[in-house]
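Numbering-wise, full-length UniProt numbering puts 184 at position 184 of the sequence shown, and it's gapless, one number per residue.
A virtual CB, placed ideally from N, CA and C, is assigned to each residue, including glycine.
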Amino acid sequence: QWLLNDKGEIVLNNFSGGELQINQLLRITDDLIEGFQGALTHSVLINNKNEKVISAYHPVRILDREFGIVFTLKTETILQTIIKNAIIIIFLTLILVSSIIFIFLFFIRRQNIEAEKLQESELALAQIFESLPIGILMLGKDRKIRGINNMAIEMFSLEKEGDLVGKDISDRFSFGKNFFYKEYFGLTFDTSKFFSYKKNGKEIVIYKKEIIFKLKGEDITLEAFVDVTPLEKARKQEVIANQAKS
């Protein structure tokens, strides 16, 4: 840091490293006389050794005289500072990018774990459906099949599951009425939930129970079918026996 008068003379400096000679003082002096501030890349002689520097200058008035205050740094120092700052910025950027990648991978891993858990749950649910001694149909709002177990396929003599998914087969069943009389079975049975169909020339009576739930954001109707044909036969036999007694 040094102070320059309007004659181009250095009147004050804080340099203590030996003899100092500054080039292109006239250029700085002319700008200061005009009241301009600026910066200049030039050279200085320090103990007869040429050094590239950058000087920033600004005009000031002291006791009605024009002076210029000049700040000078070696270009090497500035370059080192720039490199140092660039390294710091690059390092921080790498940390930030690494953190973003880590967080992204963490969420991806968690989603994969959740997806695996969901897949395991769906597989377990499918295995449970297959092991139940009742027919299971899963239908969408459009009444098209989303899933069906083997018991339902066997019960209704249907095609294999791959040929049924996405189809509406509700027109294959005739819904019956009054298969059961409430005086025999009380109020626990809703007679509208029974329907019948023909299989190998015989009438099969089925009780249906519906449960609505959400699966992958879709409203699904689960229909459970229980073959109550033996119960219906027993009921008919009881009716016949009661009629014979009367």
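Need the endpoints of the alpha helix (DSSP H) that residue i sits in, please.
i, result
"R109", "T75 to S131"
"residue 313", "The structure shown does not extend to residue 313, since the chain spans only 1 to 246, so no value can be given for it."
"N150", "N150 to M155"
Output the boundary residues of the beta strand (DSSP E) element that contains residue i.
i, result
"N5", "W2 to N5"
"I28", "Taken as a continuous stretch (DSSP letters only), I28 belongs to no beta strand (DSSP E), being part of the alpha helix (DSSP H) at L25 to I33."
"I220", "E218 to D227"
Between the alpha carbons of residue i and residue j, how many angstroms are there, rounded?
i, j, result
"F225", "I153", "11 Å"
"S157", "I101", "54 Å"
"V11", "L4", "6 Å"
"T229", "K198", "12 Å"
"D64", "D6", "12 Å"
"N50", "K74", "11 Å"
"I88", "E76", "18 Å"
"F91", "V97", "10 Å"
"I27", "K52", "It is Arg, not Ile, that sits at residue 27 in the sequence shown. Their backbone Cα atoms lie some 16 Å apart in a straight line."
"N85", "L105", "30 Å"
"F107", "S99", "12 Å"
"S131", "E223", "16 Å"
"N112", "I212", "28 Å"
"N200", "A241", "27 Å"
"D227", "I220", "23 Å"
"I83", "E114", "46 Å"
"V110", "D168", "According to the sequence displayed, residue 110 carries Arg and not Val. Near 37 Å, if we compare the C-alpha coordinates of D168 and R110."
"H42", "I103", "49 Å"
Would you call residue i buried or exposed, if buried means 16 or more other Cβ atoms sit within 10 Å of its Cβ?
i, result
"V60", "exposed"
"E116", "exposed"
"G38", "exposed"
"G35", "exposed"
"P133", "exposed"
"F194", "buried"
"E203", "exposed"
"V148", "Per the sequence shown, the amino acid found at residue 148 is Ile instead of Val. Classification for I148: buried."
"L118", "exposed"
"E238", "exposed"
"V165", "exposed"
"E232", "buried"
"L32", "buried"
Quick one, are the C-beta atoms of residue i and residue j less than 9 Å apart?
i, j, result
"I78", "V44", "no"
"T72", "I54", "yes"
"I145", "L137", "yes"
"N14", "Q24", "no"
"G68", "T29", "yes"
"I206", "G135", "yes"
Just verifying my parser: in three-state terms, what is the DSSP assignment at residue i?
i, result
"L137", "strand"
"N47", "coil"
"E238", "helix"
"K233", "helix"
"G176", "Unreliable placement is indicated for G176, whose pLDDT of 48 sits below 50; no coordinate value is reported for it."
"L63", "coil"
"K199", "strand"
"I10", "strand"
"Q243", "helix"
"L215", "strand"
"K208", "strand"
"K52", "strand"
"L40", "strand"
"Y184", "Below a pLDDT of 50, predicted positions are generally treated as unreliable, and Y184, at 41, falls in that range; the measurement from the model is reported next regardless. Reduced to three states, the DSSP call for Y184 is helix."
Taking only heavy atoms of the ligand MG into account, decide whether any of them is closer than 8 Å to the Cβ of residue i.
i, result
"L132", "With respect to small molecules bound, the structure shown includes none, and the ligand MG cannot be examined in it."
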